[in-house]
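Worksheet for the structure shown next.
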Amino acid sequence: MDPWGNGIHGETTHPIEPRNPIHLGMLCLFSSKKCPPCTAPTLPRCLDSGISFGNKLFYFLEEEVDWEGSQHSCLSHQAHLATIDTREELHFLLHYGNFKEYWVGLQREGSRPWKWLNDSLFSGNGHCAYTNSPRISSDRCSETKFSICSHLQRHPSEVQKDTEILNST
């Protein structure tokens, strides 16, 4: 069962066609590739090298780390492990992540319920979640995978404040 109460397991995914050409211009990965500067005057809050979808910016970090390491990597980029709010967002992330395994911001402790980092609930087995085309799967948090980070499209200083608060706890 997926986070929206439907079984995605048998579905065929289709490539996402961005509705806005700006989305294509912002497609970059944190790897050896350098990303073009964000030049769109309509997106003044755009951080360099993010991929815009809906009201979020996503970052695909291609360094294999465990789930906790993924969260720390995201914080170093002023973001958090991605939470997935809609089926369209899931398909977008699977497509632009080249169907690789990426940690996302969903985990559970012991027998407690699954919880996204934004406190919404999810049902499933395991302890930490990752993208596993065409769905979200779970694994031991100590396994290593890539990371999908995200934050709302807003000014980087606002994200920095969140990071400082999270690091102080």
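Numbered per the numbering used here, the sequence shown spans residues 102 to 270. Using N, Cα and C, we set each Cβ at its ideal position, and we do this for glycine too.
Residue i and residue j closer than 7 Å at C-beta
{"i": "Leu-182", "j": "Gly-206", "result": "yes"}
{"i": "Ser-234", "j": "Phe-200", "result": "yes"}
{"i": "Thr-245", "j": "Glu-164", "result": "no"}
{"i": "Thr-184", "j": "Trp-215", "result": "no"}
{"i": "Tyr-203", "j": "Ser-248", "result": "yes"}
{"i": "His-178", "j": "Tyr-160", "result": "yes"}
{"i": "Arg-209", "j": "His-228", "result": "yes"}
Host alpha helix (DSSP H) of residue i (start-end)
{"i": "Glu-190", "result": "188-197"}
{"i": "Ser-177", "result": "168-177"}
Bridge partner(s) assigned by DSSP for residue i
{"i": "Gln-208", "result": "Lys-216, Cys-229"}
{"i": "His-252", "result": "Leu-158"}
{"i": "Ser-153", "result": "Leu-158"}
{"i": "Phe-247", "result": "Tyr-203"}
Cβ distance (whole Å) where residue i is taken to contact residue j below 8 Å
{"i": "Leu-271", "j": "Thr-232", "result": "Outside the displayed range of the chain (102 to 270) lies residue 271, so it cannot be described from this structure."}
{"i": "Leu-162", "j": "Ser-251", "result": "That belief does not hold up - the Cβ atoms of Leu-162 and Ser-251 are roughly 11 Å apart, past 8 Å."}
{"i": "Ser-186", "j": "Ser-243", "result": "First, the residue type needs correcting, since residue 186 is Asp and not Ser in the sequence shown. Actually they do not touch by this definition, with Cβ atoms about 27 Å apart."}
Extent of the continuous beta strand (DSSP E) run through residue i
{"i": "Gly-238", "result": "Reading off the sequence shown, one finds Ser at residue 238, where the question assumed Gly. Counting along the chain, the beta strand (DSSP E) containing Ser-238 begins and ends at 236-240."}
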